[in-house]
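Read the structure below first, then the notes.
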Amino acid sequence: MNKLIIVVLLLWTGIGNIHAQDKKILASEIQIKIAVQAAPAEFREGAKVYGYDQAGNFVTLREGSNGYICLAPDYKMSVYYAYCYPVSLEPLMARGRELIAQGKRKERDKIREQEFSEGKLSIPQTPSTLYGYWGAAKDVNLETGEIKDAKRRYVIYVPFAKAADLGLSSQHNNLGMPWLMDEGTYKAHIMITPPLEAHQH
Numbered sequence: 001m002n003k004l005i006i007v008v009l010l011l012w013t014g015i016g017n018i019h020a021q022d023k024k025i026l027a028s029e030i031q032i033k034i035a036v037q038a039a040p041a042e043f044r045e046g047a048k049v050y051g052y053d054q055a056g057n058f059v060t061l062r063e064g065s066n067g068y069i070c071l072a073p074d075y076k077m078s079v080y081y082a083y084c085y086p087v088s089l090e091p092l093m094a095r096g097r098e099l100i101a102q103g104k105r106k107e108r109d110k111i112r113e114q115e116f117s118e119g120k121l122s123i124p125q126t127p128s129t130l131y132g133y134w135g136a137a138k139d140v141n142l143e144t145g146e147i148k149d150a151k152r153r154y155v156i157y158v159p160f161a162k163a164a165d166l167g168l169s170s171q172h173n174n175l176g177m178p179w180l181m182d183e184g185t186y187k188a189h190i191m192i193t194p195p196l197e198a199h200q201h
């Protein structure tokens, strides 16, 4: 066989193997451990958890009892993102997932805003918090669900809020200071991103 063809085949096989490894779906109990890391410790045990079955379908991995929902990371990503939020935010989050699945990521916010204005989409009108936790998939501890050098972010939804009214800046910063994103909109939210340094889980 031509040497060039052999090299190409080897490279293709290697890429295919890497791709397959990237798409490995973790056991449900491991997904749950990762997902609940996003939540405050006292919310973890009773939170409902969504993740993926071994066919790659988005499913309920564990029912909840405390009014919180945690999302396991998308197994197709090289960076694992886990989130937790109160059930009051689920209509907004679920609709976002649905629109992304339909290939409408860019139109997502506009569609949700229109649906909210028409009374078709429920969004809490009192502050509600989303917790984010993420890090490299390769750095996951499969025993604990913790991710080495993981990062965190806190998002507090305050619909239609104005930065001046809250005494906040509307500009991103790298100091961990809270700031208001999407000011004055249906999904205005306070962003809090701790400085990227070691933290306690």
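Here the sequence shown stands for residues 1 to 201, where the numbers follow full-length UniProt numbering.
Where a beta carbon is used, it is the ideal one built from N, C-alpha and C, also for glycine.
| query | result |
| --- | --- |
| Distance, Pro127 Cα to Lys120 Cα | 20 Å |
| Nearest-angstrom Cα separation, counted from Ile30 out to Ala94 | 23 Å |
| Ala188 vs Ala161 beta-carbon contact at 7 Å | yes |
| CB contact flag (Gly46, Gly64, <7 Å) | yes |
| Cut-off 7 Å between Cβ atoms - residues of its own chain near Gly67, not counting five sequence neighbours on either side | Pro86 and Val87 |
| Which residues DSSP lists as bridging Tyr68, in chain order | Pro86 |
| The ligand ZN heavy atom lying under 6 Å from the CB of Glu107 | For the ligand ZN, the structure offers nothing, since it holds no ligand at all. |
| Residue from Ile192, Pro194, Pro195 and Tyr186 with nearest C-alpha to Leu89 | Tyr186 |
| Through-space distance from Phe116 to Ile123, alpha-carbon basis | 7 Å |
| 6 Å CB neighbourhood of Arg153 in its chain, flanking five on each side removed | Gly132 and Thr193 |
| Alpha-carbon to alpha-carbon, Glu42 and Leu99 | 32 Å |
| C-alpha gap between Ile111 and Lys76, whole angstroms | 26 Å |
| Cα-Cα separation, Gly145 to Asp182 | 32 Å |
| Pair within 7 Å by beta-carbon distance, Ala82 and Pro91 | no |
| Alpha helix (DSSP H) segment containing Ala35, residue limits | Ser28 to Val36 |
| Span of the alpha helix (DSSP H), counted from its first residue to its last, around Arg62 | Here Arg62 belongs to no alpha helix (DSSP H); instead the beta strand (DSSP E) covers Phe58 to Arg62. |
| Exposed unless 16 or more other CB atoms sit within 10 angstroms - verdict on Gly135 | buried |
| Helix, strand or coil at Leu180 according to DSSP, with G and I counted as helix | strand |
| Lys110: first and last residue of the uninterrupted alpha helix (DSSP H) it sits in | Arg108 to Ser117 |
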